[in-house]
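Asker: For the sequence shown, position 157 matches number 157 in UniProt numbering, and the numbering has no gaps at all.
The beta carbon of each residue, even a glycine, is placed where N, CA and C say it ideally should be.
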Amino acid sequence: MTYSLRTVDKRSAKILPLPIRKTFIANVVRDQASALHPYGALVVAPLAQAAGVPHATPRLVYVRPGEAHFDQYEEKLSDRLYMLEEKYNDQRAISGEIAGAHDIVGPNKMLNHRYEENDHFIDQLAFARARLLDLLIGDWDRHVGQWEWAEYKENGEHLYRPIPKDRDNAFYRFGGGLFSWLFSRKWAIRKFESFTADYKDVKALMINSEFFDARAMPHVTGEQFDSLAHVLQKEISDQVIEQAVRQLPKEVYLLQRKELASQLKSRRDKLDEAAREFYEILSVRVLVVGTDKEDRFEVKRMAGGDTEVVVRRKSDKVVMYRRVFLPAETKEIVLHGLAENDIFWVRGEADKGIQIKIVGGRGQDEIYDTSEVQGWGKKTWVYDTPRETKLEGGPETKDKTSRKPEVNFFDREGYRR
């Protein structure tokens, strides 16, 4: 096992260039740093334990002045308070809740494996559970780099389960001063959502994680979100919350125990409502992404506007993805074929329909659209390069093929967020 030593005192203004360290911008940065709860990670660990989400268990340590063991870093690191916590970054950390894992990998390696191979999958329900815990504690900064992934080998497949890290923004309180109040408005920097007893803006808690949420949970339905929320409401009992808050240093506990426990209980009780809103935001536009192997995408439009999407491996016809989308929830489904020779079938008749965008990707793709939807506007848009694409369209097909290779671009690692 390896460990990290993370300072409790966050002095973010030091990262600014010298010319602006004495300007109002530095004040805004200090405001943001002061919004962090310095001991929040201590409270998160027991909550994650109860929720069944893998986690580090940090503890406070003080490095004494003149500590010789730091050698050349002694002057820089001594006489400061730190969080000492486990790092889940390689096989040495496989123990406890993830004892059955084969390996631990970073997010970019996980995503590359997921898209390059057709036997590598994300445990989407496990990720959804972890994201609901993020909602509960108000952690708005869950971007790609905030996760490690435990890799399991099950029934000949590779399955990745999330390990959250870096809880600096749990119980974040922003908006007390003039600058922070202005910057936290929806029309300014909306993502700075302050932790309160209510979920004032679920969307704000999703902004930094938008890229990863779209790729790691396209399979999870509203009913599954509801079920996960109800389970967490039972698992995170009043007793669990009280014990979690007790992890704060004594002096801080005496100051905050009532307010923080009360806010957590309130958010726990409303988690099902927040989970439903979370799901509804996710479901407006859904990515369904294939692999660099040969895949088959099947879209069936049904009466009433429901739309079934199935993705199969062409090699053995095993279903890798299946979900029925509802027009009241979803406005657009984007299918990405990535590499190799993929097949897309769109069929069925409906009185209304969800917009389908097909991005064929590299390879000699075949796209067939025989669907019919009443009303104005074409509901199947096709993006690919025309040279190697076989397109047999119908009344719903809009040909958006282009000679420009970027028509097939798919962001695998978040470079264009």
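(1) Among the candidates R312, D351 and Q355, whose CA atom is the shortest distance from the CA of V373?
(2) By Cβ distance below 7 Å, which residues in the same chain neighbour M110 in space, the five residues on each side in sequence not counted?
(3) Applying the 10 Å Cβ sphere with the 16-neighbour rule, what's the burial state of Q355?
(4) If you compare alpha carbons, which of Y321, G353, S315 and K317 is closest to V309?
(5) Comparing alpha-carbon positions, which option in R173, D384 and E85 lies nearest E406?
(6) Who are the Cβ neighbours of I343 in its own chain at under 6 Å, not counting the five residues just before and after it?
(7) Let me confirm a value: G83 is counted as buried when at least 16 other C-beta atoms fall within 10 Å, else exposed. Which label applies?
(8) By how many angstroms is the C-alpha of K250 removed from the C-alpha of A333?
(9) Touching or not, the segment 193 to 203 and the segment 75 to 90, by the rule of three or more beta carbon pairs under 8 Å?
(10) Which two residues bound the contiguous beta strand (DSSP E) that contains R161?
(11) Could you name the residues that DSSP lists as bridge partners for H336?
(12) In the DSSP output, what is D399 paired with across the bridge?
(13) If you reduce the DSSP assignment to three classes, tell me which class L228 lands in.
(14) Beta carbon of F278, beta carbon of V359: below 8 Å?
(15) Can you tell me which of the three DSSP states L36 falls into?
(16) Taking the continuous alpha helix (DSSP H) assigned at D295, which residues delimit it?
(17) Taking Cβ positions, are L42 and P58 nearer each other than 8 Å?
(18) Taking all protein chains shown into account, do 16 or more other C-beta atoms lie within 10 angstroms of the C-beta of S379, making it buried, or fewer, making it exposed?
(19) Is it the case that the Cβ atoms of R79 and Q91 are separated by a distance below 8 Å?
(20) Return the CA-CA distance between P164 and K258, expressed in angstroms with no decimal places.
(21) Are three or more beta carbon pairs between the segment 280 to 292 and the segment 116 to 131 nearer than 8 Å?
(22) Report all residues from its chain with a CB closer than 6 Å to the CB of P46; omit the five preceding and five following residues, and keep chain order.
Answerer: Walking through what the data contain:
(1) Start at 1 with the first residue of the sequence shown, and residue 373 comes out as number 373. If we check each option's Cα against that of V373, D351 comes out closest.
(2) Numbered from its first residue, the sequence shown carries residue 110 at position 110. Hits under 7 Å: W149 and Y160.
(3) Position 355 of the sequence shown holds residue 355. It counts as buried.
(4) Position 309 of the sequence shown, counting from 1, holds the residue named residue 309. The residue with the shortest Cα to Cα distance from V309 is Y321.
(5) For this step, residue 406 is matched to residue 406 along the sequence shown. Considering only alpha carbons, the answer is D384.
(6) Counting from one through the sequence shown, the residue named residue 343 turns up at place 343. Once the five neighbours on either side are set aside, the close Cβ partners of I343 are R296 and E366.
(7) Translated into positions along the sequence shown, residue 83 becomes position 83. In the sequence as presented, Gly is not what sits at residue 83; that position holds Met. By the neighbour-count rule (16 or more Cβ atoms within 10 Å), M83 is buried.
(8) Along the sequence shown, read from residue 1 onward, the residue named residue 333 stands at position 333. Along the sequence shown, read from residue 1 onward, the residue named residue 250 stands at position 250. Reading off the sequence shown, one finds Ile at residue 333, where the question assumed Ala. Cα to Cα, the separation comes out at about 51 Å.
(9) no
(10) Stepping through the sequence shown from its first residue, residue 161 is reached at position 161. Its beta strand (DSSP E) spans residues E157 to P164.
(11) For the purposes of this step, residue 336 is identified with residue 336 of the sequence shown, where counting begins at 1. Bridge partners of H336: V289 and V359.
(12) Reading the sequence shown from its first residue, position 399 is the one you call residue 399. Answer is V382, bridged to D399.
(13) Locating residue 228 in the sequence shown gives position 228, where the first residue counts as 1. In the structure shown, L228 sits in a helix (DSSP, three-state: H, G or I).
(14) The residue you call residue 278 lines up with position 278 of the sequence shown. The residue you call residue 359 lines up with position 359 of the sequence shown. Cβ distance not < 8 Å, so F278 and V359 don't count as in contact.
(15) What you label residue 36 is simply residue 36 of the sequence shown in a count that begins at 1. Here L36 sits in coil by DSSP.
(16) For the purposes of this step, residue 295 is identified with residue 295 of the sequence shown, where counting begins at 1. DSSP places D295 in no alpha helix (DSSP H) but in the uninterrupted beta strand (DSSP E) bounded by D295 to R301.
(17) For the purposes of this step, residue 42 is taken as residue 42 along the sequence shown, with counting starting at 1. For the purposes of this step, residue 58 is taken as residue 58 along the sequence shown, with counting starting at 1. Yes, they are a contact pair.
(18) For this step, residue 379 is matched to residue 379 along the sequence shown. Rather than Ser, the amino acid found at residue 379 in this sequence is Lys. It counts as buried.
(19) Position 79 of the sequence shown, counted from the first residue, corresponds to residue 79. Position 91 of the sequence shown, counted from the first residue, corresponds to residue 91. Correcting the residue identity first, residue 79 is Asp in this sequence and not Arg. In this structure, the beta-carbon distance from D79 to Q91 does not fall below 8 Å.
(20) By one-based count along the sequence shown, residue 164 stands at place 164. By one-based count along the sequence shown, residue 258 stands at place 258. Cα-Cα distance, rounded: 27 Å.
(21) When Cβ pairs closer than 8 Å are counted between the two stretches, the segment 280 to 292 is seen to touch the segment 116 to 131, the count reaching three or more.
(22) Start at 1 with the first residue of the sequence shown, and residue 46 comes out as number 46. Closer than 6 Å at Cβ, skipping near neighbours: Q243 and A244.
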